[in-house]
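Peer 1:
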DNA sequence: GCATATAGTTTGAGTAGTCAAACTATCAGA
DNA sequence: TCTGATAGTTTGACTACTCAAACTATATGC
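Protein chains in written order, with the numbering used here: chain A, 1 to 225; chain B, 1 to 225.
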């Protein structure tokens, strides 16, 4: 098995590659996510390449091999099942479980993981709406669009909160924005860089465009009658 | 917080001291339990002493300071609550949870631990009958005697299995010997070094004296009428 | 009381991961 | 095409942990 450190690099490269259009991760971003200097990241990425977990060439971007992606998805599966357990079984708040899962994900064995999955009823997604990869290394990403892309007047359902920071999640919860919440886009102010929404059971809120890009929704079909 | 390695040494010293009459742990035993050479154990114990977690002098035994014991009890609390969770909530077998808890105990935060304790209803002991230390660092050790010390004819209740090895626990389970089982001592054969018992719902079994020393029971009061 | 087995210690070296700081490639703008 | 700015790389050193092997205390048997 990979060390805890290697697992953290794999997860960082996987998520950064997913966010970038080129599908690769920049060394400085990897370093920032893992929490080390870029020099350290360079030397670790070399090791990943030597272990056939990543592809990389000097001054070029980093991407995972299929072996590396598979390993990253396994870590993500552990992470998200643990988050789900912490919220559903132990009743912890969705804003704190990310950091807790970050530690536990490296210590859980396949046996305990599968028992957890069974206990939770094989959930499809975690408390933030992130899909849980299957044991065979596949993931089903439900269709959704960033809230930032919605036109004023759209009625939508919040399906995923991508920003896992505690204060970001607390902000959403405090304004009635949870997974499954129905909301309406009230107005979009490109000048101010904000978007105002109203949740079914909350007052209106404004989000920055950056924040609204990290909230995914499904646009609701128009109601008739 | 102590590193995972330091936690393992503390736990080893704590349990070895408890088993020894002098209340100290031998360097070679510590090394064996932690799984390192004695040279490595010596240098780590020096670090523990420097950190005021253990008292030790050259060629003398090792014992924990009160600070060290406190830390060890905290680790034991985590270990035993995790074992209880794995058996009660995830339905894993009592013979496998020791090794699983060994990894998880280093990764669980106080917040998750207390949520687990609440979820489990503040259990007093784990699935092997080991008492769970309280959050304040106290432990209640219920009175019990080794099965090896029981006279033939005694009726007793199994309250604790000290040998955590998978095959030892499987053996007990297979012969109807679980925590809470009522059993009767049929005969003691000092010549053969064995003790034969009969459980309420199982056939008779013979245990070696060594094995019977690691099974704790409460002798049942005589029934009247 | 001395030899020796046993337990414990020390030393030197290695691995994994890290940083600070010196250095180098790449690219955008003048 | 030169010049910086930026991003990435390399080097040397450090920490935490480990082992093998040489060495030393202690206890025991004769």
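For glycine and all other residues, C-beta sits at the position ideal for the given N, C-alpha and C.
Which whole runs of the alpha helix (DSSP H) in the stretch 137-208 of chain B are 4 residues long or more, in chain order?
Peer 2: DSSP runs (the alpha helix (DSSP H)) wholly in the stretch 137-208 of chain B: 166-174.
Peer 1: Suppose the cutoff is 8 angstroms on Cβ atoms and the five residues either side in sequence are ignored; what does the same chain contact list for residue 225 of chain B look like?
Peer 2: Low local confidence applies: a pLDDT of 42 at residue 225 of chain B is under 50, so the model's placement there is unreliable, with the coordinate-based value given in what follows. The answer is none, since no qualifying residue turns up.
Peer 1: Can you round the beta-carbon distance between residue 154 of chain B and residue 185 of chain B to whole angstroms, since I take them to be within the 8 angstroms contact cut?
Peer 2: Rounded, the Cβ-Cβ distance is 5 angstroms, consistent with contact.
Peer 1: Just checking my contact of residue 10 of chain B with residue 75 of chain B at CB under 8 angstroms: how many whole Å lie between their CB atoms?
Peer 2: That pair is a contact at about 6 angstroms.
Peer 1: Residues in the same chain with beta-carbon distance under 6 angstroms from residue 44 of chain B, minus the five sequence neighbours each way, listed in chain order, please.
Peer 2: Taken in chain order, the residues that qualify are 9.
Peer 1: Any beta carbon from chain A within less than 8 angstroms of residue 225 of chain B's own beta carbon?
Peer 2: The predicted position of residue 225 of chain B is uncertain, since its pLDDT is 42 and thus under 50; a value taken from the coordinates is nonetheless stated next. It does not: the Cβ of residue 225 of chain B has no partner Cβ on chain A nearer than 8 angstroms.
Peer 1: Of all the alpha helix (DSSP H) runs that stay within the bounds of the stretch 30-71 of chain A, which reach a length of 4 or more residues?
Peer 2: Listed in chain order, the complete alpha helix (DSSP H) runs (minimum 4 residues) inside the stretch 30-71 of chain A are 38-50.
Peer 1: Would you call residue 139 of chain A buried or exposed, if buried means 16 or more other Cβ atoms sit within 10 Å of its Cβ?
Peer 2: It is exposed - the Cβ of residue 139 of chain A has fewer than 16 other Cβ atoms within 10 Å.
Peer 1: Could you check where the alpha helix (DSSP H) with residue 16 of chain B kicks off and where it finishes?
Peer 2: 4-19 is the extent of the alpha helix (DSSP H) around residue 16 of chain B.
Peer 1: What are the residues of the stretch 115-138 of chain B that lie near chain A, defined by any Cβ-Cβ distance shorter than 7 angstroms?
Peer 2: Cβ contacts with chain A come from 115, 116 and 119.
Peer 1: Which class does residue 26 of chain A belong to by DSSP, given the choice of helix, strand or coil?
Peer 2: Coil.
Peer 1: Would you verify that the beta carbon of residue 10 of chain B is, or is not, closer than 8 angstroms to some beta carbon of chain A?
Peer 2: So, not an interface residue.
Peer 1: Evaluate contact between the stretch 193-207 of chain A and the stretch 124-135 of chain A, counting only Cβ atoms and requiring at least three cross-stretch pairs below 8 angstroms.
Peer 2: Too few Cβ pairs lie closer than 8 angstroms, so no.
Peer 1: If we cut at 8 angstroms on Cβ distances, does residue 5 of chain A have a partner in chain B?
Peer 2: Taking Cβ atoms only, chain B never reaches closer than 8 angstroms to residue 5 of chain A, which makes this a no.
Peer 1: Return the chain-ordered list of same chain residues with a C-beta closer than 6 angstroms to the C-beta of residue 195 of chain A, the five sequence neighbours on each side being excluded.
Peer 2: These residues qualify, in order along the chain: 188, 207 and 212.
Peer 1: Output yes if chain A places a C-beta closer than 8 angstroms to the C-beta of residue 92 of chain B; else output no.
Peer 2: Answer yes: the Cβ-Cβ gap between residue 92 of chain B and chain A drops below 8 angstroms somewhere.
Peer 1: Mapping the DSSP letters down to three states, classify residue 113 of chain A as helix, strand or coil.
Peer 2: In the structure shown, residue 113 of chain A sits in a helix (DSSP, three-state: H, G or I).
Peer 1: Looking at the C-beta of residue 165 of chain A, does it have a partner C-beta in chain B at a distance below 8 angstroms?
Peer 2: Not closer than 8 angstroms to any Cβ of chain B, the Cβ of residue 165 of chain A fails to qualify, so no.
Peer 1: Taking only the alpha-carbon atoms, compute the straight-line gap between residue 126 of chain A and residue 85 of chain B and give it to the nearest angstrom.
Peer 2: Straight-line Cα distance between these residues: approximately 21 angstroms.
Peer 1: Taking its Cβ as the centre, do 16 or more other Cβ atoms sit within 10 Å of residue 101 of chain B, making it buried, or is it exposed?
Peer 2: The residue is buried, with at least 16 neighbouring Cβ atoms inside 10 Å.
Peer 1: Who does residue 220 of chain B pair with in a DSSP beta bridge?
Peer 2: Partner(s): none; residue 220 of chain B has no beta bridge.
Peer 1: Which residue wins for smallest C-alpha separation from residue 159 of chain B, given the options B:165, B:152, B:146 and B:168?
Peer 2: Looking at the Cα atoms, B:146 is the closest of the given residues.
Peer 1: List, in order along the chain, the chain B residues whose C-beta lies closer than 9 angstroms to that of residue 106 of chain A?
Peer 2: Residues of chain B passing the Cβ test: 103 and 107.
Peer 1: Sort out for me which residues DSSP pairs residue 95 of chain B with in a bridge.
Peer 2: Bridge partners of residue 95 of chain B: none, in fact.
Peer 1: Are the beta-carbon atoms of residue 94 of chain A and residue 169 of chain A separated by less than 8 angstroms?
Peer 2: In contact: residue 94 of chain A and residue 169 of chain A (Cβ atoms closer than 8 angstroms).
Peer 1: Determine, using beta carbons only, whether residue 62 of chain B and residue 31 of chain B come nearer to each other than 8 angstroms.
Peer 2: No, the pair does not count as a contact, with Cβ atoms beyond the cut-off.
Peer 1: Could you confirm whether any beta carbon from chain B is found closer than 8 angstroms to the beta carbon of residue 111 of chain A?
Peer 2: Cβ-Cβ to chain B under 8 angstroms: yes for residue 111 of chain A.
Peer 1: Looking only at its chain, what residues have a beta carbon closer than 7 angstroms to the beta carbon of residue 117 of chain B, apart from the 5 residues adjacent to it on each side?
Peer 2: Correct list, in chain order: 81.
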